[in-house]
Amino acid sequence: MSSALRERTVLPPDDPAELARFVQELRNAGGRARARLVGPDGSEIEIPDELYGVLRDVVTVLSEGLAISIAPHNTMLTTQEAADLLNISRPTLVRLLSEGEMPHTMRGRHRRVMLRDVLDYQERTRQARRRTLDRMTAEAEDDGLYDATSTPRRTR
1 MSSALRERTV LPPDDPAELA RFVQELRNAG GRARARLVGP DGSEIEIPDE
51 LYGVLRDVVT VLSEGLAISI APHNTMLTTQ EAADLLNISR PTLVRLLSEG
101 EMPHTMRGRH RRVMLRDVLD YQERTRQARR RTLDRMTAEA EDDGLYDATS
151 TPRRTR
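Using the UniProt record's numbering, the letters of the sequence shown correspond one by one to residues 1 to 156.
1. Since Leu-77 is in the beta strand (DSSP E), which residue starts that stretch and which ends it?
2. Please give the ranges of any beta strand (DSSP E) in the segment 17–55, keeping only runs that are unbroken, at least 3 residues long and fully inside the region.
3. Over the uninterrupted alpha helix (DSSP H) stretch that includes Met-136, give me the two end residues.
4. Strictly by DSSP, which residues pair up with His-110?
5. What's the C-alpha gap between Arg-36 and Thr-125?
6. Between the C-alpha atoms of Ala-138 and Glu-123, what's the straight-line distance to the nearest angstrom?
7. Roughly how far, in whole angstroms, is the beta-carbon of Leu-93 from the beta-carbon of Thr-79, given that I think they are within contact range, below 8 angstroms?
8. Under a three-way DSSP split, which group does Ser-98 fall into?
9. Taking the beta strand (DSSP E) that Ile-88 belongs to, which residues open and close that run?
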């Protein structure tokens, strides 16, 4: 089954008004009952809460005029694709790969990175930034920097 799953990008519709109405209905539905998927033949299956949340997020993003990409975690990315996902330059990504920050493979002379490894790196750096900011905030509080204020200088 996973061999049939491939990366795909879904573009927002030309007129997102219908999706906006759908998003509003999803928000209004709240947790009244279990979500169900109804097929064209009328067959119904329950949708797990996690999948329902993902579908709601996808519809919300599309209604805002943004595209969304769906890819299995074992998708191989080029260095440019990985850099774009991390919002960094390709040379910066290549440096991170060379320094061993993320595993990669070589296909000839070209590096390839697994999507799951890029997402793992993204989460690790996010957590490291959060810890650093928390530490800086605690230090500023300990030093009384939040209590220190100065009177602004008049400029007029």
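Glycine included, each C-beta is placed from N, C-alpha and C at the ideal position.
Inspection of the coordinates gives the following:
1. 76–78
2. 36–38 and 44–46
3. 115–142
4. Arg-107
5. 37 angstroms
6. 22 angstroms
7. 5 angstroms
8. helix
9. Run containing Ile-88: none; DSSP gives neither H nor E here.
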